[in-house]
Each structure stands twice: as C-alpha cells, then as structure tokens.
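The number in our numbering is simply the position in the sequence shown, starting from 1, with 2 added.
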Amino acid sequence: MQGKIIKGIAGFYYVYAEDGNTYECRAKGIFRKDKFKPLVGDNVDITVLDEKELEGSVTEIHKRKNSLIRPAVANVDQALVIFALSRPTPNLPLLDRFLIMMKQKEIPTIICFNKSDMVSEEEREHFRQIYRDCGSKLLFISAKKGEGTDAVRDCLRGHMTTVAGPSGVGKSTLINHLVPEAEMETGKISEKADRGKHTTRHSELFRLEKDSYILDTPGFTALEPEAMEKEELRFCFPEFDPYEGSCKFQGCIHDREPGCAVKEAVEDGKISKERYESYISFFRELKERERRRYS
Ligand code: GDP
Ligand code: ZN
C-alpha cells in the first residue's frame, strides 16, 4: 500500500495511507543499514502488519523531488512564509534570507503578511511596494478575523507547503483556522508515541484535503543560506533579472561599477531600494565570509 509520512518520532513513522488510515510504522532494517533515513513528506510503500492496531512497516521510499535539512522534510512544493505587519514588526532581513534560501532550492515562496487589521492601508502599501517584484506571491491577511484566509487556502490546494515564520506572527492562529482538527490530531498521535518514549518538538504534516498538505516548521531564527559564491547572489533577486546583461561591464555585480543598469533602475524607482540595499548587505556578508576563509 502507498502512503505519505506525516510525522516521525523516535524511530516511528506515521504514514497516512491510501485507505485513509494512519499507520504507525517502523522502517525496515535495510534503511538503517544504508544510513538512508525516511523523512516527513516521503511517499512510501508500506506493509500492514496489524490491521487493527494500525501498525506497519515502511518497505520502500519513492524518489524524492527535493529535501530540506532544516526542517528535515522531503518533497516540498512551495513555502508559505508568514510575517506580521505589526507586533512584532516584520524583520525584513530575515524574510530576505528566507527568500534567498528558497531560491537556492528553487522552491516557490508565498509571502503572507498577517495582522493586516492592525495597520493602515498606507503601511500595507509600503510592504507591497518593497516586495512587488521579488518573485513571490504576496498575501495580506488577518488570521484572527479570518480575512484573506480563503486566498491562503487557494494557494495551498494540491500542494505540499512548508509553513514558516518567526514566533508571535500568528502561525498557529492561521494553521488552526485552516485545519481546525490540527490540535486534536497532534494530541492523538503523540499519545500513542508517548508510551515510554521522549518526544521533542518535531515537524508534522497536516492534511488539508486530498493532496494538500502543510508542514508546520518549528525553529526559524537561525536561518543560514547555503554557502554560495557572492557573484551568484544577484540571481537570488528576481527584480534584477530584466536588467541582467544591460550593465556596462559584463558580470557586473551591481555594487560600485559605473554604468550599472540595476543601480540606475533603483534610482528611477523601478527596483525597490530596500531590496537593493538588502542585496548589498548580504553581498558584503558573503564577501566578509570569503575574506575570512582565505586569510
Ligand atoms: P505564532 O507564535 O506565530 O504561532 O503566533 P500565534 O498564532 O500564537 O499568535 C500570536 C498572537 O497574535 C496571539 O495573541 C494572536 O491572537 C495574535 N494574532 C494572530 N493573528 C492575528 C491577526 O490577524 N490580527 C491580530 N490583531 N492579532 C493576531
Ligand atoms: Zn550592474
């Protein structure tokens, strides 16, 4: 039977199977020997060992589309990153860091600004302008009031989405709104796994409807984009794309070179100043890291 791993705790994998049941499975010894571990999000084959107790064994892991390390998850279609427009005010460098990471993995991102009810239309417009051409879909919602949440649901349909964001931005409020049974489900599964075992905070997949899953991603503050050449960073900023090749110097990194089409576009207000400054700041960071590596 086929299924999807929705959660892993202490060597147990919870597999949501074709028959609509969730089976508690061990992975066959063969995986442990190969040091190849099943991940949440993996599509797998299972053998049912006990139909009544819903116990089984993972026998095969299907080929992965992709995988992330933190959170450890496979087959992510897209990321939904949530920030609040107020309380806490959005940490834009952290958001940009996240966008770079997802761009490196080629995972499309949806930016969801929550707590829209707490700010004026001018403030919403301010953030809309900064991110208008960043390559991600933008949503403005109020999870508490249930405003804009249908648009979120539409974005999630048919995909496996990892949901991330700093604490306090309204992540739980949104997830509970989208999956009212989320809390209930968590309790049910943990109860079984808790028997004599320790549980830690882990990632868990919630099924919204057929083929729609969301992964609640704990831990967000220590984002570290993968190592990359500073010269590659500019390709993580989609707003630069239309100007690539138009600068005076070939391979222009849009910093201090004369005749830079990107800098001109920033001056003309065609590229958001905030995003450009963010680029420069990350560029300096990579440069500094490189300098330390070679000195
Ligand atoms: P999490 O840490 O990201 O899971 O955030 P929570 O969902 O626990 O929300 C943090 C606080 O923000 C709570 O007091 C929520 O009631 C509040 N909150 C969440 N969404 C909204 C919203 O859309 N508008 C307002 N005004 N408050 C919200
Ligand atoms: Zn340039």
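Glycine included, every Cβ here is placed at the ideal spot set by N, Cα and C.
It should be emphasised that the depicted structure is a prediction, and the values quoted were computed from it without experimental measurement.
Option in Glu108, Gln80, Cys262, Glu287 with minimal Cα separation from Ile216: Gln80
Alpha carbon of Glu208 to alpha carbon of Lys272, nearest angstrom: With the sequence shown as reference, residue 208 is identified as Phe, and Glu is not the correct amino acid for it. Their Cα atoms are separated by approximately 40 Å.
Contact shell at 5 Å, judged by CB to any heavy atom of the ligand ZN, ordered along the chain: Cys249, Cys254, His256, Cys262, Val264
When Gly13, Asn23, Met104 are compared against Leu41, the one with the closest alpha-carbon: Gly13
Beta-carbon proximity of Gly43 to Ala86, cut-off 7 Å: no
Cβ-Cβ distance between Phe142 and Arg126 below 7 Å: yes
Ala153: CB within 6 Å of a non-hydrogen atom of the ligand GDP: no
Bridge partners - Met162, DSSP secondary structure assignment: Tyr215
Val46 and Thr164 closer than 7 Å at C-beta: no
Beta-carbon proximity check, Tyr245 vs Val268, cutoff 7 Å: no
Beta-carbon spacing of Val83, Ile63 below 7 Å: no
Cβ-based neighbour list, Ala145, same chain, cut-off 7 Å, excluding 5 preceding and 5 following: Asn116, Thr151, Gly172, Thr175, Leu176, His179
Which listed residue (Tyr133, Glu211, Pro73, Ile71) has its alpha carbon closest to that of Ser274: Tyr133
In DSSP terms, what Tyr18 is bridged to: Lys6, Thr24
C-beta contact flag for Ile32 and Met3 at 7 Å: no
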